[in-house]
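3 is the number of the first residue of the sequence shown in my numbering; add one for each residue after it.
Beta carbons: idealized from backbone N, C-alpha and C, even for Gly.
Scroll down for the structure; my scribbles are underneath it.
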Amino acid sequence: MLKGRYRQDLSHSRNLKELWLDANYLEGSIPESITSLTSLTTLTLDNNNLTGSLPQEGGLCNLKNLSLLNLAVNEFEGQLPACLGNLTSLRTLYLNKNRFEGTFPSSLFHALRSLTAIFLSDDNFSGSFSLSSLANHSNLKVFSISCSNAHLKLETENPPSIPSFQLRLFRIHKCSLNEANNKTMPTFLLHQYDLLALELSHLNISGTFPSWLLTNNTRLSYFNLTHNLFTTPFKLNPASKLLQMESFDISSNPIRDEMPSHIGYIFPNLISLNMSSTSLRGYFPASIGEMRQLNDLDLSNNNLFGSLPQEFGQGNNELRFLKLSNNNLSGSCLPIGSNFTHLLSLDLNNNNFKGKFQGGFMNSTGLIMLDLSANQLFREIPSWIGNFKI
């Protein structure tokens, strides 16, 4: 583990190809001895405490053979050097979580045609950036940006384009997206078929739920559309089976549709399912019991009614976290014979569960949080509750 300023002179290591200095406690600016290593193909300086601005000429721009440059999670500031656009061999670029500022350097990314992965945060950039400027980047597989302010305007529709790339990961988080087009869904995604991970979160995108994304991209493993304005219809193709889907989060959208009864058959290998605060209605699907690896389930703040099915209680024995609060569920809190042996947290508050404190909890002795408030339970608290390890 390196600490403090990095003072070692590396200028004599002219044949060095890879330099990995990430996840240390390095401080100060990037030494000139590093920027003289013109044979470098890999330079990773992420997760340090490096500061200062990058030289507008020379500096990192001398490293013409770089294919991977990682400056993420430092405290660099100032404008990004336009001369970084001369690093034509660059394939992977991490610039996220710094303090860069000024007009967003769209021309820089337009020039780097070999890029396969771009990781950004908006820092203090201003201006606009159209993803159509990357349309001819045929090698691009990853585009990820997370925003912290509204100074940078992202556009995908001005002008509209059909890109030459097929993305594997596409992520936009807390950004100003498509304001000139009523915050609509990026239409170029209609032409993407290889996505493994998709996140469009906290963007206030409007329109109907884009079920076509699931139809077009059958290898998705991560799907996050939380905190948007998607509405009905919420349709899942009953003929689909997304075997690689592990995390599905569409929480905080005003969907207001029926809960698909066949959802468990479509996502049999889910680990995390969050559909809270979507105004979904209908019966709790018995098919959720088919999600044998489900670890985290949140269907709170909806309009679900009826009792929890026996198939659910006996099928999901990997559940750790179960949250069904603020619905209209009734019957027993948990079906008798439930097999939630790994359950740590159970929140069923503000429902219509009635009757005695039934024995569906008896196999959940590892509980550390149990909330049954605001229901209609009566009679004595059973003695076996003392077996919990709360």
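>> With H, G and I counted as helix, E and B as strand and the rest as coil, what does DSSP make of GLY87?
In response: DSSP, reduced to helix, strand and coil, places GLY87 within a helical segment of the structure shown.
> Out of curiosity, what's the CA-to-CA distance linking TYR8 and LEU62?
Replying inline: Since pLDDT at TYR8 reaches only 49, below the 50 mark, its modelled position is unreliable, and the value read off the structure follows with that caveat. Rounded to the nearest angstrom, the two C-alpha atoms are 16 Å apart.
>> My assumption, with CB atoms under 8 Å, is that ARG258 sits in contact with SER278. Please give the rounded CB distance.
In response: For ARG258 against SER278, the beta-carbon gap comes to about 14 Å, at or over 8 Å, which does not count as contact.
> Rounded to a whole number of angstroms, what is the C-alpha to C-alpha distance between SER130 and LEU154?
Replying inline: So the alpha carbons of these two residues sit roughly 5 Å apart.
>> Considering Cα atoms alone, identify which of ASN377, ARG101 and LYS237 is closest to ASN56.
In response: It should be pointed out that residue 56 corresponds to Leu in this sequence rather than to Asn. That would be ARG101, whose Cα lies nearest to the Cα of LEU56.
> Which word fits ASN304, buried or exposed, when buried means at least 16 other C-beta atoms lie within 10 angstroms of its C-beta?
Replying inline: Counting the other Cβ atoms within 10 Å of the Cβ of ASN304 gives 16 or more, which makes it buried.
> Can you name, in chain order, every residue of its own chain whose Cβ lies under 8 Å from the Cβ of ILE362, other than the five neighbours on each side?
Replying inline: According to the sequence as given, residue 362 is Gly; it is not Ile. Cβ within range, chain order: GLY315, SER334, CYS335, LEU336, PRO337, ILE338, GLY339 and SER340.
> Counting along the chain, where does the beta strand (DSSP E) carrying GLU29 start and finish?
Replying inline: Counting along the chain, the unbroken beta strand (DSSP E) around GLU29 starts and ends at 27–30.
>> So, does the region 103–113 touch the region 63–72, judging by three or more C-beta pairs under 8 Å?
In response: Touching, no, given that fewer than three Cβ pairs across the two stretches are closer than 8 Å.
>> Would ILE290 and GLY308 qualify as a contact pair, given that the criterion is a beta-carbon distance under 8 Å?
In response: Taking 8 Å as the Cβ cut-off, ILE290 and GLY308 do not qualify as a contacting pair.
> When you compare only the Cα positions, how much space is there between MET364 and ASN330?
Replying inline: About 24 Å.
>> If you measure between the beta carbons of ILE147 and LEU122, is that distance less than 8 Å?
In response: Going by C-beta atoms, ILE147 is nearer than 8 Å to LEU122.
>> Just to confirm my understanding: we take ASN151, look at its own chain, exclude 5 residues before and 5 after, and list those with CB closer than 8 Å. What are they?
In response: Cβ within range, chain order: ASP124 and ASN126.
> In three-state terms, what does DSSP make of LEU62?
Replying inline: If DSSP states are grouped into helix, strand and coil, LEU62 belongs with the helices.
> What separation, rounded to the nearest whole angstrom, lies between the Cα atoms of ASN26 and ASN50?
Replying inline: Approximately 5 Å, taken between the alpha carbons.
> In three-state DSSP terms, what is HIS264?
Replying inline: Under the three-state reduction of DSSP, HIS264 is assigned to coil, being neither helix nor strand.
>> So the candidates are LEU52, LEU18, SER38 and SER35; which of them puts its Cα closest to the Cα of THR44?
In response: Nearest to THR44 by alpha-carbon distance, out of LEU52, LEU18, SER38 and SER35, is LEU18.
> In three-state DSSP terms, what is GLY339?
Replying inline: Assignment of GLY339 by DSSP, reduced to helix, strand and coil, places it in the coil class.
> Given GLN295, which residues of its chain have a CB within under 6 Å of its CB, disregarding the five upstream and five downstream residues?
Replying inline: ASN271, ILE273 and GLU320, listed in sequence order.
> In the DSSP assignment, what residue or residues form a beta bridge with THR46?
Replying inline: Assignment of beta-bridge partners to THR46 by DSSP yields TRP22 and ASN72.
>> Taking only three categories from DSSP, how would you classify SER281?
In response: Coil, per DSSP.
> Should LEU97 and LEU117 be called a contact, given that it needs their Cβ atoms to be closer than 8 Å?
Replying inline: With respect to LEU117, LEU97 sits apart: the two C-beta atoms are not nearer than 8 Å.
>> At the level of alpha carbons, what is the spacing between SER242 and LEU202?
In response: SER242 and LEU202 have their C-alpha atoms some 22 Å from each other.
>> Taking 6 Å as the limit between beta carbons, can you name the residues of its chain near PHE172, skipping five residues before and five after?
In response: Non-local C-beta neighbours of PHE172 in its own chain, meaning closer than 6 Å and more than five positions away in sequence, comprise PHE145 and LEU200, ordered along the chain.
>> List, from N- to C-terminal side, the beta strand (DSSP E) runs of 3 residues or more that fit wholly inside the region 168–228.
In response: The region 168–228 contains these whole beta strand (DSSP E) runs: 171–175, 199–203, 208–210 and 224–226.
> Since GLN194 and SER223 are thought to touch, with beta carbons under 8 Å apart, how far apart are those beta carbons, to the nearest angstrom?
Replying inline: Wrong, their Cβ atoms sit about 15 Å apart, outside the cutoff.
> Among all the DSSP beta bridges, which residues are the ones paired with PHE131?
Replying inline: PHE131 is bridged to LEU156.
> Taking Cβ positions, are THR217 and PHE232 nearer each other than 8 Å?
Replying inline: Result no, Cβ atoms of THR217 and PHE232 do not sit closer than 8 Å.
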